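Participant: In full-length UniProt numbering, the protein residues as written are 1 to 335. This structure is in C-alpha cells; I'll ask about it shortly.
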Amino acid sequence: MAPSHSFHVHASSSHLRWSNAIAPALRVPSGAEVTLELPDGGGNQITRESVAAAGGGAAALSSFRFDLADPCVGPIYVEGAEPGDVLRVDVLDVAPAADFAWTAVFPGFGILSDDEEFGVPALKLWDLHTAKQDNHIVFRPSSPRIVVPFAPFLGVVGLAPAAAGELPTVPPMPDTGGNIDTRYVTAGSSLHLPVKVPGALLSCGDAHAAQGDGEVCGTAAEMRATARLRVTVEKGKPWVKSPWVLTAPTKAVGGEGEGEGEKREYMCLGIDSDLREATRKAVRGVVDWLAAEMGLTRVEAYMLASVAGNLKMCEVVDMPNYTIGCSIPLSIFVS
Numbered sequence: 001m002a003p004s005h006s007f008h009v010h011a012s013s014s015h016l017r018w019s020n021a022i023a024p025a026l027r028v029p030s031g032a033e034v035t036l037e038l039p040d041g042g043g044n045q046i047t048r049e050s051v052a053a054a055g056g057g058a059a060a061l062s063s064f065r066f067d068l069a070d071p072c073v074g075p076i077y078v079e080g081a082e083p084g085d086v087l088r089v090d091v092l093d094v095a096p097a098a099d100f101a102w103t104a105v106f107p108g109f110g111i112l113s114d115d116e117e118f119g120v121p122a123l124k125l126w127d128l129h130t131a132k133q134d135n136h137i138v139f140r141p142s143s144p145r146i147v148v149p150f151a152p153f154l155g156v157v158g159l160a161p162a163a164a165g166e167l168p169t170v171p172p173m174p175d176t177g178g179n180i181d182t183r184y185v186t187a188g189s190s191l192h193l194p195v196k197v198p199g200a201l202l203s204c205g206d207a208h209a210a211q212g213d214g215e216v217c218g219t220a221a222e223m224r225a226t227a228r229l230r231v232t233v234e235k236g237k238p239w240v241k242s243p244w245v246l247t248a249p250t251k252a253v254g255g256e257g258e259g260e261g262e263k264r265e266y267m268c269l270g271i272d273s274d275l276r277e278a279t280r281k282a283v284r285g286v287v288d289w290l291a292a293e294m295g296l297t298r299v300e301a302y303m304l305a306s307v308a309g310n311l312k313m314c315e316v317v318d319m320p321n322y323t324i325g326c327s328i329p330l331s332i333f334v335s
C-alpha cells in the first residue's frame with residue numbers, strides 16, 4: 001500500500017538523551033514514509049579535513065567528545081500509537097550522505113579494552129565513493145587485498161521509554177531499543193518495537209556502512225546517512241516485549257528440489273546488563289512468539305528454538321547492556 005504522506009526530518013532535530021519529555025520534531029500518520037538526515041555515530045566530529053589537519057588518525061581522536069556520541073534524530077510522533085501497541089519500522093533505504101566512513105579504537109572502549117596493545121587511539125577512514133556500485137568497501141588495497149561487504153544499516157532505532165527522566169543514548173534500552181547495533185536492520189528489513197508512550201516517539205541514528213556481529217572494537221564503519229523508513233502502528237501483539245527484527249530477504253537454496261528461494265529470519269533481541277540474562281530474554285521472546293502465533297505449546301516452542309534457532313551476539317560493547325538475538329528461519333514453516 002502506498003503511503004498517504006511523506007515527511008522529512010533534518011539532522012538539526014537531534015538529541016543525546018532518551019526521554020518521553022522531548023517535544024516531537026514531527027507528527028505523522030500511521031503508514032507514512034519518513035526520510036531522516038542522520039549524523040554519524042560520533043556526531044560528525046571526524047572529517048577528512050580534521051584527520052589531515054591533525055596529521056594522522058590517532059591525533060584526530062585527541063579532541064573527540066564522547067558526550068556527543070550516538071546522537072538520535074527525532075522524535076517522531078506516530079498518530080494512533082498507544083502503550084501496548086507495536087510500532088513497525090520498515091527500513092526502505094539507508095544510503096551514505098558523505099564519501100567516507102570511519103572506524104576507531106578508543107582506549108578503554110571495546111571488548112578488549114583491558115588489553116595494553118589496544119591502549120593507543122587509532123583511526124581508519126573508509127572510501128565510500130564507489131561502495132554502492134562495488135557492493136563492498138576496501139579495508140586494504142594490496143597484498144592481500146581485503147574487502148568488506150557494503151551493508152548499510154541503522155545502529156540506533158528506538159522509542160521513548162515509559163519512565164520519567166533521561167537515559168543516555170549509548171547503551172541500548174531493554175524494551176524500546178535504541179543503540180541496538182544489530183547489523184540485520186538493513187534495507188528490506190522490519191523492526192518491531194513495543195510502544196510505551198502515546199505517539200511512540202521514534203528516533204534513529206548511528207548508521208554504519210558495515211559491521212560484524214558484536215561490533216567488538218566499539219565502532220563499526222561509522223557513516224553519515226540518509227534513511228527512508230515507513231512507520232506503521234500494529235495492534236494485538238503482546239508478545240513483542242523487546243525489539244524484534246524481520247530480516248531482509250536473501251537468496252537461499254531451497255530444500256526438496258525447490259531450487260533458490262528467499263530466506264528471512266525473525267529475531268528477538270534480548271537486552272540486559274548480564275550476558276546470560278540477555279540470552280534468556282531473547283530465547284523467551286522466541287518461545288512467546290511461537291506459542292502465540294504458531295500454535296505451539298511452550299514446551300514445543302522451547303524445543304524448536306533449540307533445534308532450529310540461532311543465537312547472535314549483536315552488540316557486546318555499549319555498556320552496561322548487551323544485545324543478543326535469537327532468530328528462527330521462516331523457511332521451516334512450510335504450509
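Built from N, CA and C at the ideal position, the CB exists for glycine as well. Note that the structure is a prediction, hence the values are computed from the model and not measured.
#1: State the DSSP-derived secondary structure class of Ala282, mapped to helix, strand or coil.
#2: Determine whether the beta carbon atoms of Thr219 and Thr47 lie at a separation below 8 angstroms.
#3: How would you write the range of the alpha helix (DSSP H) that Asp206 sits in, first residue to last?
#4: On the DSSP bridge assignment, give the partners of Cys268 in chain order.
#5: Give the DSSP bridge partners of Cys72, in chain order.
#6: Short check: CB of Ala11 to CB of Leu38, under 8 angstroms?
#7: Please report the residue range of the alpha helix (DSSP H) in which Leu304 lies.
#8: Between Asp115 and the rest of its own chain, which residues show a CB-CB distance below 7 angstroms, the 5 nearest in sequence each way excluded?
#9: Could you check if Ser63 is buried or exposed, using at least 16 other CB atoms within 10 Å of its CB as the buried criterion?
#10: Could you say which of Phe7, Arg280, Pro171 lies nearest to Tyr77 if we only look at CA atoms?
#11: Would you decide whether Pro172 is buried or exposed? Buried here means 16 or more other CB atoms lie within 10 Å of its CB.
#12: Grouping DSSP H, G and I as helix and E and B as strand, with all else coil, what is Ala52?
#13: In three-state DSSP terms, what is Asn90?
#14: Compare the Cα-Cα distances from His15 to each of Glu79, Ala160, Val334, Thr130 and report the closest residue.
#15: Determine, using beta carbons only, whether Tyr322 and Leu275 come nearer to each other than 8 angstroms.
#16: So is Ser13 buried or exposed if we call it buried at 16+ other beta carbons inside 10 Å?
#17: Using CA coordinates, which residue listed in Met319, Asp181, Val317, Cys326 is at the minimum distance from Arg280?
#18: Looking at the unbroken alpha helix (DSSP H) that takes in Asp134, where does it start and where does it end?
#19: Between which two residues does the beta strand (DSSP E) carrying Gly177 extend?
#20: Quick check on Ser331: does DSSP put it in helix, strand or coil?
#21: Where His136 and Glu293 are concerned, what is the direct C-alpha to C-alpha distance, given to the nearest angstrom?
#22: Taking the alpha-carbon positions, what's the Gly43 to Val317 distance?
#23: When the Cα atoms are used, what is the spatial distance from Leu167 to His192?
#24: Can you check whether the CB of Ala225 is closer than 8 angstroms to the CB of Val94?
#25: When burial is assigned at 16 or more other CB atoms within 10 Å of the CB, is Val170 buried or exposed?
#26: Check whether the Cβ atoms of Gly41 and Glu222 sit closer than 8 angstroms, and answer yes or no.
#27: Using the C-alpha atoms, what's the distance from Asp67 back to Pro243?
#28: To the nearest angstrom, how far is the alpha carbon of Pro194 from that of Arg145?
#29: Does the Cβ-Cβ distance between Ala305 and Pro329 come in under 8 angstroms?
#30: Which of helix, strand or coil does DSSP assign to Gly259?
#31: Along the chain, where does the alpha helix (DSSP H) containing Ala59 start, and where does it finish?
#32: Would you identify the three-state DSSP class for Ala225, choosing helix, strand or coil?
#33: Can you name the start and end residues of the beta strand (DSSP E) that Glu117 belongs to?
#34: Bridge partners of Tyr77, per DSSP?
Facilitator: Judging by the given coordinates:
#1: helix
#2: no
#3: No alpha helix (DSSP H) holds Asp206; the beta strand (DSSP E) holding it covers 202-208.
#4: Trp244, Cys326
#5: His15
#6: yes
#7: 298-308
#8: none
#9: exposed
#10: Phe7
#11: buried
#12: helix
#13: A small correction: the amino acid at residue 90 is Asp; Asn does not occupy that position in the sequence shown. Asp90 falls in the strand class under three-state DSSP.
#14: Ala160
#15: yes
#16: buried
#17: Cys326
#18: 131-134
#19: 177-179
#20: helix
#21: 38 angstroms
#22: 18 angstroms
#23: 21 angstroms
#24: yes
#25: buried
#26: yes
#27: 25 angstroms
#28: 44 angstroms
#29: no
#30: Per-residue confidence for Gly259 stands at a pLDDT of 42, beneath the threshold of 50, marking its modelled position as unreliable; the derived number appears in the next sentence. DSSP places Gly259 in coil when its eight states are reduced to three.
#31: 57-60
#32: strand
#33: Where Glu117 is concerned, there is no enclosing beta strand (DSSP E), given that its DSSP letter is neither H nor E.
#34: Arg27
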